[in-house]
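See below for the structure under consideration.
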Amino acid sequence: MFKFVAILSAALLCALVRGQGDPVAEYRLPENTSPISYALWFAPNFSDWTVTGVANITITTRSLNVEKVTLNLKDLTVNDVTIVNIDNPQKKVDIKNLVYLTNNEQFEIQLKKPLPADRKWLLIINYEGKIREDMTGLYKSSYTEDGETKWLVVTQFEPTYARRAFPCYDEPKYKVPFNISVVVPKDMIALSNMPIFKTESGPDNNTVYFNETPVMPTYLTAIYVGEFVADKNESIITVYTHEEMIGQTEYIAKEAPKHLKVLEQYTKIDYMLPKMDLLAIPDFSVGAMENWGINTYRESLLLVPSDSKARMKIRSSAVVQHEFTHQWFGDLVTCKWWNYLWLNEGFARYFQYFATGMVRTSWSMEELFVVEAFQNSLAYDQTPRHPITASVKTTEEIEDVFDTISYSKAASVLRMLKYLVTEDLFQLSLQEYLKKYSQDVTEPSDLFSSFDSVLFDKDYEIGNDLTVNEFMSNWTLQSGYPVLNITRNATTNTFLVTQVIKQKPSLYHYKQQNYPGQFYVNKTAGNINETAAWHIGLTYTTSESKNFTYTQPSVWTNQTNVSTVFPAPRDIDWYIFNIQSIGLYRVNYDIDNWVALIKQLNDSPSSIHVLNRAQLIDDAFNLARSGQLDYSVPLNLSKYLKNENDITPWYSAMNGFAYLLERMPRSDKGYENLKSHVSSLAGIIYRKLENLAAKNNTEFKVLSAWETFSKWACKLENKDCTKKAQEYFNKWQKGEIIPADIKDAAFCVGVKNSNDSSVFNNMFALYGSTKSISEKYSAEFALGCSTNRTQLSELINHILDGPGGPIKENEINSIVSSISTTPLGLSVLYEFLSTNINKTLDQLATGEDVVTNIYSTLATKMTNDKDIENIKNLKNNSTLRASVRPSFEESYKKVDHNLAWFDSYSVGINSWATMYGEKEPEIVEDPTSKPTTGSSTGTTVSPVTGQQPTTTSKPSSATLNTYSSLVILQLTVLTVLTKTFIL
C-alpha cells in the first residue's frame, strides 16, 4: 500500500497555507462530501515519539460543483495530498491550496476545478505528527517492569480526538468500514478493533494488517502497540496487561463472558465482532472506552487481585458491563450527533447496574443504582444544567456534555420509562430499536417511535393519553426536575400536588435577589422558565395499605397545570409518594406528614420500603439545603437510623451529612456538636458491619459497606472505629494479613496516629511498589490522613516529578482528593497551587485540568475567612493565566454560595445538634426476632444483620400527637433561634 501511495502522491504540487481559520467558526463539517471507507496506515516511532501516517479515504461528492473537501484535523502536518477519481484513475484532480482551519480543527483541500456530484473519489493523505502526552489521540504511556521503563502507544478518540491521529470526518454520523495497518517493532504486538489478517516481516519492524471493521464512526477506531501479554482463556474475550500484572486478570477474565452473554440474551442480538480485547492502560484519562472489539480501561478498573476489596470487584464488573453495553448502544447503533450522547451513555449507565444485577443477583444493584446514579443525578441537577438532549457545537461543549446529566440522569429517566411500560415491553422495544437501526445512527425520536410501535401492537397505554414520544420528550428536552409539594386536606379527603417551578427563596435569597445558586428547579440555557411543568405518573401508598410493590401511576399531573387535586384515603396517619424512588422528582410534605413518617421510622423502619427510606433521607436533606424545608426535619429524621438494619439508607444519610460537615467547620462549636451526632450514628452502622465481618460474612454488599462506613466512622473519629482500626493496623505492621475491606480505615488511622515519620514513608513506599491495585488505593487514601504538613507537602509536590515520578498524571486528582479531606490538607493544597501554578501548567500535559481541579476543591471546601481571602486573591492575581481564569471565577462562586448557606442555616443546625443530637455511641444489638410474614414493603432479610426487621402495629393517634407536638416544638424553637423561614 505504501508504494502505491508514494507513486500517486508524486503528482501533487501545491501551496501549503497554514491559515488562521475562518473569522466565523464552522464547527460542523459541510455535507458536500461524505466518507465511504478508510484505509489507515500508522508508523509510530518509539525513538523520537513521532508518527507517520497515510489516510486513504474513499469519499463521495454529494452536491453539485464541489470546490473544496473539508476534513477534521488537529496538531498534524499534512505533507502530501492526492485525489483520484475511482471510476477514472488516470484523470488528474488538481489541487489549488491546502488550508489549516485551526480554529475549527479542520483542514480544507481547495480544488482548481469543481468535482461533479455522485462520484467516488480516493483521498490519499500523507501526514506526520507527534505522539501525544495528554492521553488523547495517539499517545504514549509507560510502566515499570523489573526496574525498567516500558513504553506503549494507544489511542483515545472519543469524542473529538481521532482528528489528532489522522485526517477524518470526525463526526459520529459518518459510519463506514475501516482497514487498519500498523508498523510495529519486532519485540512488540499490535492490536486493533479486528483480528489480524496478516503480518509482513521487515528487517527491523513488522507491518500488521487487520481485518476490515463493520461500519463505525471514527471515535470507535483504536490501535495499541506495546509489550502487553494476554490472559489465555477459551473465550473470545482476552484481557491484556503487562507481564507483572497478568496475575490480576483472573477475576475479570472469568466474569466478563457472563456480562457479554447477558446483553446477547437481553437484546437477542449476538455480539457482532469475532473478538473482544480488554486492555489495562497505565495512563488513561477516562475510566474506560468502548472501542468496538478493543475496550480500554484504567488499570484500577480492570485489574482485580485476589485480595481486592469487594467494592473493587463490584466496580470492575459494573464498568465492564458499561463498556459491553456500548457494543450495542453506541457501537451497533450510534447517536447521530453529540446532542444525543445520552442514547449511548444513558443506556450504558442503566445496564451498568441492571445487567450486572442479572449476572450477580445478590448484589442489590437497583438499590445501588438509586443511591449512586439516581440520587446523584438529582443532586447534580438541583441547579439545572442542560437538558438530557443537549445542544452542542464546539469541541469544548461536546466534552462538557459527558456529565452526570447524559449518564445518570438519562439512566434514571430510562428506569422511570421501564416501570411505566413494564419490564417486558421495555425489553421488546429496545430489541425493536436495535434491530431496526442496526449499524445506523439515531436521534431520540427513533428510540421513542420504537417504543410507540411496540406499545401500539400490544394495545398498551402508558396513561394520560400520552405517547412515549410525548412523555419522554417532556423529560429529555427540559432541564432540571420538579419538586412536588404534597398536602392532604383531612376535611375534603383530597391530596393537593403542586409542582414547584420557581422555588421560594431562603432568608439569604431575599437579601440577594441576583444570587445564582440553588434557587430555580427549572432553568434553560440563558433564561429561567417559570411556566414549564411535567407529565408525572404519581404513585403513592399510605399507613393503611403499605403497598410498595404496585408501581403503576394511579394519577397524573400534566404540563398545563402546576396543581393537581384528587381523592385521598380516609383515616391514614402518613402517606408516601414516588414508590421505590422511580419518578425523577423530589417530594416535600406538610409538617404533620413529615412528623408521622419520622414516628413510623422510629417505631418500625421496615414498614416503609428500603428505597423509600433512602428517598426520605435524600429528599429531606436536599430540600433543606435548597431552602424548602427546615433542617430540623432531616436531622430529626436521621435519629431513626439507630434502628436501621439495611445498608442502603445509610448511604443516603452519609451523603446528606457530607455537605453539612464540609460547611460547619466555620463554626468550631457548631461543627463539633454536629460531628458528635454524625459520629455516633456512623458508629452504629460501623459496629453492625464489624460484627458481621468478624463472623466471616462474605456478602459483597456487606463487605463493600464495611469498607465505606469504616472509613466514614474513623474519619469522624468514632472511638470504636479508630480503636479497632488501630488494632488492624498493628497486626498488619507485624506481618499479619488483614481483610482488604478494612485496609482503607486501618491504614488511615495508622498514619494519622503515628508520630514516627517512618510510618508515612513506608506507606508512600507501599503506594509506589505494591502490585495490588486494591492495596495501592488503600495506601493512597491513607497518605492524605497524615497530620504532618511537611509530609503532605512533599506528597503533592511529587506530581511535578514527571513521567518517571511516583504519581502518574491520571492519579493526580485522586491524590488531591485524598489530601483535601482535612483543613491541614486544604492549606497544603493552597500553598502548592499558589507557589507552583505556572510550573504545573508548563510541565504537565494535563496541567490546566490539575490546577482548575485543585482550585475548585479549595473553593468548595475552605471555610474560614483567611483561607477564603487567599483563594480570592489568587483568582484576582493579575499574573493568573487567561486559560484558567474563567474556571477560577466560576469555581469561586461556590464560596459565596457556601457562605450564604452558612449564614442562613448554621445557627439552627448547631442548636439542634446541641439539644437533640446523639451524644454518646449507642451499642445496638443485632435483632433476634423471628421473621414476620405478610409484609408488602419488599424488605426481606436485612443485608446488615442477616435478620428480617421486625414490624410493629401502627402508632396510636395519642402517641402520634405527642410525638408531633415534640417535633413541632423543636421546629418552633429553632425557627426563632435562626430567624429563618420554614418553607
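For reference, each letter of the sequence shown is one residue, going -21 to -1, 1 to 962 in mature numbering (1 follows the signal peptide of the UniProt record, and there is no 0).
Backbone N, C-alpha and C fix where the C-beta goes; we use that ideal spot for every residue, glycine too.
Buried or exposed by the 16-neighbour rule on C-beta atoms within 10 Å, applied to residue i
| i | result |
| --- | --- |
| F333 | buried |
| L322 | buried |
| Q491 | With a pLDDT of 35 at Q491, under the threshold of 50, the modelled position of that residue is not reliable, and the figure given next carries that caveat. Answer is exposed; the Cβ neighbour count stays below 16. |
| I778 | buried |
| T61 | buried |
| P366 | buried |
| I716 | exposed |
| P196 | buried |
| A892 | buried |
| E10 | exposed |
| F176 | exposed |
| M894 | exposed |
| K578 | buried |
| Q135 | buried |
| G662 | buried |
Top-ranked residue by Cα proximity to residue i, from the options
| i | options | result |
| --- | --- | --- |
| N172 | P253, S121, L117, E107 | P253 |
| I36 | N557, V57, Q770, F157 | F157 |
| R666 | D286, K621, I175, T186 | K621 |
| Q85 | L43, Y140, T40 | Y140 |
| P284 | D249, M224, F381, N734 | M224 |
| L614 | T192, L640, S417, D59 | L640 |
| E351 | N557, P363, S387, E868 | S387 |
| W553 | E234, T521, S533, T701 | T521 |
| S753 | F679, M291, T217 | M291 |
| residue 963 | Y153, E46, T836, S13 | This structure leaves residue 963 out entirely; the chain is present only between -21 and 962. |
| I248 | F330, S370, S417, W342 | S417 |
| C147 | A232, Q227, Y17, T687 | Y17 |
| P644 | P802, I168, D425, T383 | P802 |
| Y871 | T836, S890, I384 | T836 |
Alpha-carbon spacing of residue i relative to residue j, whole angstroms
| i | j | result |
| --- | --- | --- |
| L695 | S658 | 5 angstroms |
| Y106 | K722 | 51 angstroms |
| L463 | V476 | 6 angstroms |
| V829 | N856 | 19 angstroms |
| G442 | N540 | 17 angstroms |
| V863 | V479 | 37 angstroms |
| Q410 | S432 | 12 angstroms |
| T473 | N591 | 22 angstroms |
| L671 | C700 | 14 angstroms |
| G459 | W513 | 11 angstroms |
| Q770 | G804 | 10 angstroms |
| L311 | L653 | 52 angstroms |
| S13 | G309 | 20 angstroms |
| G516 | I626 | 28 angstroms |
| F381 | V730 | 37 angstroms |
| N355 | P182 | 56 angstroms |
| L456 | N448 | 11 angstroms |
| S737 | G747 | 15 angstroms |
The ligand ADP heavy atom lying under 7 angstroms from the CB of residue i
| i | result |
| --- | --- |
| V479 | Among the components of this structure there are no ligands whatsoever, and the ligand ADP is therefore not found. |
Endpoints, alpha helix (DSSP H) assigned at residue i
| i | result |
| --- | --- |
| Q244 | 229 to 246 |
| D436 | 423 to 436 |
| P802 | 802 to 822 |
| I798 | 791 to 798 |
| I663 | 647 to 673 |
| G336 | 321 to 338 |
| L396 | 389 to 400 |
| P865 | 864 to 895 |
Boundaries (first-last residue) of the beta strand (DSSP E) holding residue i
| i | result |
| --- | --- |
| C314 | 312 to 314 |
| A18 | 12 to 24 |
### Task
Evaluate the contact criterion for the region 57 to 77 versus the region 155 to 165: three or more CB pairs, one atom per stretch, below 8 angstroms.
no
### Query
Do three or more CB pairs link the region 118 to 136 to the region 60 to 67 at distances below 8 angstroms?
no
### Message
Under 8 angstroms, with one C-beta from each stretch per pair, do the region 591 to 603 and the region 553 to 567 reach the 3-pair mark?
### Response
yes
### Query
Does the region 334 to 341 come close enough to the region 269 to 281 to have 3 or more Cβ pairs within less than 8 angstroms?
no
#### Entry: Touching by the beta-carbon criterion (3+ pairs, under 8 angstroms), the region 242 to 259 and the region 683 to 700
no
### Task
Would you check if the region 370 to 380 and the region 208 to 228 touch, i.e. whether three or more CB-CB distances between them fall below 8 angstroms?
no
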